[in-house]
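*Asks:* Heads up, the sequence shown is in my numbering, so the first residue is 8 and it goes up one at a time.
In this text, a Cβ means the ideal position worked out from N, Cα and C, and glycines have one as well.
Could you have a look at this structure, given as structure tokens, before my questions?
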Amino acid sequence: MIRRDRISARQLGSLALTASGLPVFRLCCRVSWPWVLLGGGAAALLLSALTWRFRRSGAGERLPRGAAGAVLLPLLTAGALLAAWESSFAFPETAGNLLAAALVLGLAAAAARIGPAAACRCAGILLGVTGALYGTVLLFSLPQLRPERLLPAGTPADALRVFAAMLPPGAALCLRGSLEEDQRLPLWPWWSALCAALAASLVTGGILSPALAREPEAFRTLSRGVSVLGVIRRFEALVNGALLMSGFCLCALLLSAAAALWRPGESVKRRKTSLQKFFEK
């Protein structure tokens, strides 16, 4: 019998991959592809190594304590605040708006308070939506790609930025204690995120001018020039929505991981509120 407070490996992977959308399409798309491959590949290898380690140890319920937990907890909290702030830039009208960031943070905190299963169920739906929107922009931009613009650019510091940006979704490893008994930590989110980052970097850098490709809103600029069959245009509003969804998932993931570290081994108290019923559907 499946418990409602437990999650499957597919749900946890969906949450991690959906959360990766914010760093991928806000930062990685602006970095030259060799540095994305280097930094993103290093992050994927590190997260894969940790995943394999936890798989072999069978430490499904053990979470970092002591010094490790004391370091991770503030990092996760700070990461959630930063993710909420970056989410405010999803729409130009709310860029840098503290109220918009607070709303994302509040909604993510409400999902994390209910338990990781709530955020995972949301991500199970949002992954398909965001993937379709990001994928449409990348796919229908390909005819405009200019190979001469794919020459390597930037500095090794860009690889470090990508590496740091791709690590936060790894907070999903802190939720391994919520997995169903017969489930194992997934590996596919780390490599799927790397593929998405590489594709975003290649398409953005191969179409936009070098100056535009490094702008903070590079992917939004790219989406303005997309047309599907010469009829459907103006995809930037949909991309804005996808970035907001990814930002919410990243914020909820980090807060859920922080809650798991704060209350190791303790089940979250659940009250039948209308918000909980909404997330459980």
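Quick check: is the beta carbon of L22 nearer than 8 angstroms to any beta carbon in chain C?
*Replies:* Absent from the structure is chain C; it holds one protein chain and no more.
*Asks:* Can you look up L22 in the DSSP assignment and give me helix, strand or coil?
*Replies:* Position 15 of the sequence shown, counted from the start, is the residue given in the question as residue 22. It is helical.
*Asks:* When the Cα of A218 is compared with those of R13, S15, S39, L24, which residue comes out closest?
*Replies:* In the sequence shown, the residue the question calls residue 218 occupies position 211. The option with the nearest alpha carbon to A218 is S39.
*Asks:* Going by beta carbon distance, what residues of the same chain come within less than 7 angstroms of T84, once the five residues before and after it are set aside?
*Replies:* Here residue 84 corresponds to residue number 77 of the sequence shown, with the count starting at 1. So the qualifying residues of the chain are A265.
*Asks:* On the three-state DSSP scale, how would you describe W269?
*Replies:* The count along the sequence shown starts at 1 and reaches residue 269 at position 262. The answer is helix: DSSP assigns W269 an H, G or I state.
*Asks:* Grab me the residues of R10's own chain with a C-beta within less than 7 angstroms of its C-beta, minus the 5 sequence neighbours each way, in chain order.
*Replies:* To locate residue 10, count along the sequence shown from 1; it is residue 3. With a pLDDT of 47 at R10, under the threshold of 50, the predicted position of this residue should be treated as unreliable, though the coordinate-derived value follows. The answer is none, since no qualifying residue turns up.
*Asks:* Spell out the partners DSSP gives L186 in its beta bridges.
*Replies:* In the sequence shown, counting from the first residue as 1, residue 186 sits at position 179. DSSP output for L186 lists I14 as bridge partner(s).
*Asks:* Roughly how many whole angstroms lie between the Cα atoms of A87 and L110?
*Replies:* What you label residue 87 is simply residue 80 of the sequence shown in a count that begins at 1. What you label residue 110 is simply residue 103 of the sequence shown in a count that begins at 1. A87 and L110 have their C-alpha atoms some 13 angstroms from each other.
*Asks:* Mind reading off the beta-carbon distance from V7 to L229? Whole number of angstroms is fine, and I expect it under 8 angstroms.
*Replies:* Look at the range of the chain in this structure, 8 to 288, and you will see that residue 7 is not part of it.
*Asks:* Which whole-angstrom value is the C-beta distance of P196 and G20, which I expect to be below 8 angstroms?
*Replies:* As a first step, residue 196 must be located in the sequence shown, where it is residue number 189. As a first step, residue 20 must be located in the sequence shown, where it is residue number 13. That belief holds up - the Cβ atoms of P196 and G20 are roughly 5 angstroms apart, short of 8 angstroms.
*Asks:* If I follow the unbroken alpha helix (DSSP H) through S208, where does it start and stop?
*Replies:* Stepping through the sequence shown from its first residue, residue 208 is reached at position 201. Residues 195-214.
*Asks:* So, are the CB atoms of L251 and A97 less than 8 angstroms apart?
*Replies:* Counted from its first residue, the sequence shown places residue 251 at position 244. Counted from its first residue, the sequence shown places residue 97 at position 90. Yes, they are a contact pair.
*Asks:* Rounding to the nearest angstrom, what Cα-Cα distance links C35 and A207 in this structure?
*Replies:* Here residue 35 is taken as the residue at index 28 of the sequence shown, counted from 1. Here residue 207 is taken as the residue at index 200 of the sequence shown, counted from 1. The straight-line gap from Cα to Cα measures roughly 7 angstroms.
*Asks:* Would you say G103 and L205 are within 8 angstroms of each other, going by their C-beta atoms?
*Replies:* Taking the first residue of the sequence shown as position 1, residue 103 is located at position 96. Taking the first residue of the sequence shown as position 1, residue 205 is located at position 198. No.
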